[in-house]
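Have a look at the structure below, then the notes.
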Amino acid sequence: MELKSKIIAIVGGMGPASGEFLQNLLFNEMRNNFHIEKDQDYTDIIHFSFGSEIPDRTSFLEGKINLNPAFPVFKIFQQLEKLAKTYKRPIVACIACNTFFAKPILKEFLALWDREYFEYLQYLNLVEATVNFIKTQFSSGDKIGILTTSGERKLKVYQDLLENVGVEVLYLDLANQQKLHQAIYKVKTDPFHSMNAHETILKGVQLLLSQGAKRVLLGCTEISLVINQYGFNPSYHIDPLRIVAQVALQETSHILHQKL
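In my numbering, the protein residues as written are 100 to 359.
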């Protein structure tokens, strides 16, 4: 295998607009940071958006459905391995969903992963990449606010990892958390026109900043989508999708020419 031929894969559909946004982030990162003069200068991207196959992550975590999302997502990984073998090119895969990395889902996914040998495939852990970024940018005792789904909050997807590195985590009060969760699902149905939902998410950012958060972690891809419509600001926001896009391109940057 020639490392110069790595492909980036997006495992999307959770929700579909968020996977599309990650794809656009990747292309924008390429254009902004590398010399792109023709189609062939871009890193190749595969985007699987199989939302109809993947059950809702929070519904599974709350016991409302029985099918663990790990199984259909792993099936996509098996298809990616077949594609990689066909083209004889390694694939770096990004799962475009924060809640997928809750322990009951991730544990099953990793068990499946360990039982099957992938010759060409690696995956990036969105949550670990984000926590690693925070470790390099913040000090012990700093406060980070988290906006996320209720399921992800309950399972402490980010909280445990951040507290392990000394970061204090702030959440919304329960009433505003419920409003936020409902807003996230409105964004899933209409990403660009659910104005009341947008206002709820923007208010959530301000509430956490007013509580003393140095930054607000956008812990759901729908939240990333909304915030970026109104203007992402690294002085206020931490976006896991932006972070994983940068990490994915670092994995494949040997085929790109860095701008000086």
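For each residue, glycine too, the CB sits at the ideal point set by N, CA and C.
{"query": "Residues that DSSP places opposite His146 in a beta bridge", "result": "Ile109"}
{"query": "Cα-Cα separation between Leu220 and Asn167, rounded to whole angstroms", "result": "22 Å"}
{"query": "Buried versus exposed, by CB contacts within 10 Å (16 or more), Phe200", "result": "buried"}
{"query": "Ser334 versus Gly303 - alpha carbon distance", "result": "16 Å"}
{"query": "Inter-residue Cα distance where the pair is Ile243 and Tyr186", "result": "43 Å"}
{"query": "Limits of the alpha helix (DSSP H) - the one that Ile194 falls within", "result": "It is not in any alpha helix (DSSP H) - Ile194 instead sits in the beta strand (DSSP E) that spans 190 to 194."}
{"query": "Residue burial classification, Asn360 (beta-carbon count within 10 angstroms, cutoff 16)", "result": "The requested residue 360 does not occur in the structure, where the chain is confined to residues 100 to 359."}
{"query": "Whether Tyr222 touches Phe176 by CB criterion (9 Å)", "result": "yes"}
{"query": "Range of the contiguous beta strand (DSSP E) that encloses Leu246", "result": "242 to 246"}
{"query": "Nearest neighbour of Lys253, chosen from Ala116, Phe126, Glu119, Glu161 [CA to CA]", "result": "Glu161"}
{"query": "Anticipated Cβ contact below 8 Å, Phe126 with Ser323, distance rounded", "result": "Between Ser323 and Phe126 the Cβ distance is about 16 Å, and since that is not below 8 Å, they are no contact."}
{"query": "Cβ pair Leu301, Val266 closer than 9 Å", "result": "no"}
{"query": "Those residues which DSSP pairs with Tyr222 across a bridge", "result": "Ala192"}
{"query": "Beta-bridge partners of Val315, as assigned by DSSP", "result": "Gly244, His336"}
{"query": "3 or more residues per run - each beta strand (DSSP E) lying fully within the stretch 272 to 330", "result": "314 to 317"}
{"query": "Glu350 vs Lys105 beta-carbon contact at 9 Å", "result": "yes"}
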